[in-house]
Amino acid sequence: MIATVDRTGDVLLLVQAAVTAGAGQHEPAARRSPGSHWQLLSFRRNDNECEETWVARIRLDGVSKQFGTTQVVREVNLDITDGEFLVLLGPSGCGKSTLLRMIAGLESPSAGRILLDDRDITATPPQQRNVAMVFQSYALYPHLTVAKNIGSPLRARGRSRQQIREKVTDVAATLGLDEHLDRRPGALSGGQRQRVALARAMVREPGAFLMDEPLSNLDAALRSATRTELTGLHRRLGTTFLYVTHDQVEAMTMATRIALLNGGRVEQVGTPSELYDAPRSTFVAAFLGAPPMNLFDAAIVDRAGELHVVADGLDAPLGLPAGAASGSRTVTVGIRPERLRLNAPEARLRGVVTAIENLGGEEIVHISVGVTSLAVRAPRPVPVRAGDAVGLGVESRDLHLFESGTGRRLLWRPPHEHEASVPGASALSVA
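Shown next, in the form of structure tokens:
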């Protein structure tokens, strides 16, 4: 199903912000090029004057949503900038789809504001929001050809046959559908039907695309291929994409930024690398990664005037003086599986191999260390077998520390250059 929204009563024209030399007039463009900006020219009927507005920046200001006594979205503050590919990521029931529907105007916030280009659209009807929403279900008309499916929004708006033909041809070529225009949806693959749904949204020339789990009905191979197509489409159009998924692979491979939701709240916003390399909580650390970050309890103790993190078989210096923390402190330690080294000569952890998973080019080795089970990702073949006693090496800079109880990230000044720029990291402190 696709919901598209635009203004009614006015004639809208999207043009590219390019000024003709010496003429001082904007030139229309069929597509947006990298670094340029779409502008919305709102021509009122029987009025020669027009008003320019940017359409692709979305801001959520303290947005909440409650269904009965259930709080689904909790005080979300989020800026989606012009032209970015932002992914709303999180487990089922975290509020990400509800948030998307509120932006589209299909649900009303219980509190807070939604702004489109600094204009408050919280109470604006869906048909007056210049966005296009693509749902998990494509809802193509089975009795119509691909061309007629794509052109249906334009026919509903009373466009001429020539206008519809030109626009459908242009969009179909962009999405590689030009050879399928005379076919019906039943003769298409799942990936092709997905592209038809996108094309039907594109002909409306929205300021932003809102996508709710659009790849969930595709098999693994088609999902991979369609991810590549979507990122390529985003680069060509330069339009804002807001994309909902529970799949971390989709988020990590496509997003400019990720907003990870947990229990209706935004847990962390950042680039895929920022969330993976510097998770702000144990939730973020455990949600991203396959396998996820190893997490286990440890203590911060004074070793001859220097702070160490100590756990079963682990005693690693933090490069901080004892005064950086008062007394002993319980923490949660995190280590990414690829940061552990098998049979390292300077092994700081020792355990027994319990299982090995073959993933083709690499293997996941599961190791029991005391009461803790750790996962190690290593190139195949690994030099160990189930039942072997092994030592594990890890650098202090690869340890992530989180506050026990809250799970919030602890910052400290590490003895390594690549982490030395962490803000506020002069001592152990909650991020």
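One point on numbering: in the UniProt record's numbering, the residue at position 171 of the sequence shown is 171, and numbering is uninterrupted. Just so you know, even glycine gets a beta-carbon here, dropped at the ideal spot from N, CA and C.
Residue i in three-state terms, based on DSSP
i, result
"Y243", "strand"
"L144", "coil"
"A201", "helix"
"T124", "coil"
"F209", "strand"
"N358", "strand"
"E306", "strand"
"R397", "helix"
"F135", "coil"
"H234", "helix"
"A322", "helix"
"P153", "helix"
"R129", "coil"
"S373", "strand"
"E267", "strand"
"A285", "helix"
"residue 435", "What is shown of the chain runs 1 to 431, which leaves residue 435 out entirely."
"L222", "helix"
"T280", "Note on identity: in this sequence residue 280 is Arg, with Thr being the wrong assignment. Coil, per DSSP."
"V384", "coil"
"A173", "helix"
"E346", "coil"
"R195", "helix"
"A290", "coil"
"R165", "helix"
"R227", "helix"
"A56", "coil"
"A255", "coil"
Length of the line joining the Cα atoms of residue i and residue j
i, j, result
"L260", "R129", "25 Å"
"V73", "A104", "15 Å"
"residue 436", "L140", "This structure cannot speak to residue 436, because the chain is shown only from 1 to 431."
"N77", "P142", "40 Å"
"Y262", "G313", "One detail in the question is off: residue 262 reads as Asn in this sequence, not Tyr. Roughly 33 Å between the two C-alpha positions."
"H180", "R101", "31 Å"
"P345", "G391", "8 Å"
"L374", "A278", "20 Å"
"H308", "V244", "41 Å"
"G393", "L399", "12 Å"
"Q192", "D82", "28 Å"
"R385", "V310", "28 Å"
"R257", "L99", "16 Å"
"S189", "L233", "19 Å"
"T372", "V331", "15 Å"
"residue 444", "A197", "With the chain covering only 1 through 431, there is no way to say anything about residue 444."
"F137", "G176", "Reading off the sequence shown, one finds Ser at residue 137, where the question assumed Phe. Rounded to the nearest angstrom, the two C-alpha atoms are 21 Å apart."
"A298", "R236", "49 Å"
"L88", "R113", "18 Å"
"L275", "A286", "11 Å"
"G158", "S108", "30 Å"
"Q66", "S110", "6 Å"
"V301", "L401", "14 Å"
"W60", "D120", "In the sequence as presented, Trp is not what sits at residue 60; that position holds Leu. If I take the Cα positions, the gap works out to 10 Å."
"D47", "Q127", "Any reading at D47 needs caution, since the residue's pLDDT is 35, under 50, leaving its predicted position unreliable; the model's value is listed next. Approximately 22 Å, taken between the alpha carbons."
Proximal residues to residue i (C-beta, below 6 Å), its chain only, five neighbours per side dropped
i, result
"L215", "R223, T226"
"A132", "T4, A201, R204, P206, F209"
"A389", "V352"
"T354", "H366, S368"
"M211", "V134, Y243"
"I164", "G151, L154"
"F241", "F85, F209, H234"
Cross-strand partners of residue i (DSSP beta bridge)
i, result
"G402", "Checking the displayed sequence, the identity of residue 402 turns out to be Phe instead of Gly. DSSP output for F402 lists T332, R409 as bridge partner(s)."
"R113", "D61"
"R184", "The partner list for R184 (beta bridge, DSSP) is empty, contrary to what the question assumes."
"G351", "V390"
"F296", "V333"
"P317", "H308"
"R341", "G393"
"S273", "S273 is not bridged to any residue."
"E363", "N358, A378"
Residues near residue i by beta carbon distance below 7 Å, same chain, minus five either side
i, result
"V430", "E403, R408, L410"
"F283", "N262, E267, G407"
"N294", "G334, I335, P337, L374, A375"
"G90", "K96, H246, L260, L261, N262"
"G264", "Q71, V72, V73, R74, C94, G95"
"A172", "I150, D178, L181, A199"
"A318", "For clarity, residue 318 is Leu in the given sequence; the question names Ala instead. These residues qualify, in order along the chain: L307, H308, V309, S396, W412."
"V382", "L342, I356, E363, V365"
"L230", "M254"
Any chain B beta carbon closer than 9 Å to residue i
i, result
"G238", "Going by chain labels, chain B is absent from the structure shown, which holds only one protein chain."
Beta-carbon proximity list for residue i, same chain, < 8 Å, skipping 5 on both sides
i, result
"P291", "P337, I364, A375, R377"
Residue i beta carbon near the ligand FAD (any heavy atom closer than 8 Å)
i, result
"L260", "Of the ligands one can find in the structure shown there are none, so the ligand FAD has no counterpart to examine."
Let me know the beta strand (DSSP E) ranges lying completely inside the region 63-107, each 3 residues or longer, listed in chain order. Complete beta strand (DSSP E) runs here, min 3: 70-80, 85-89.
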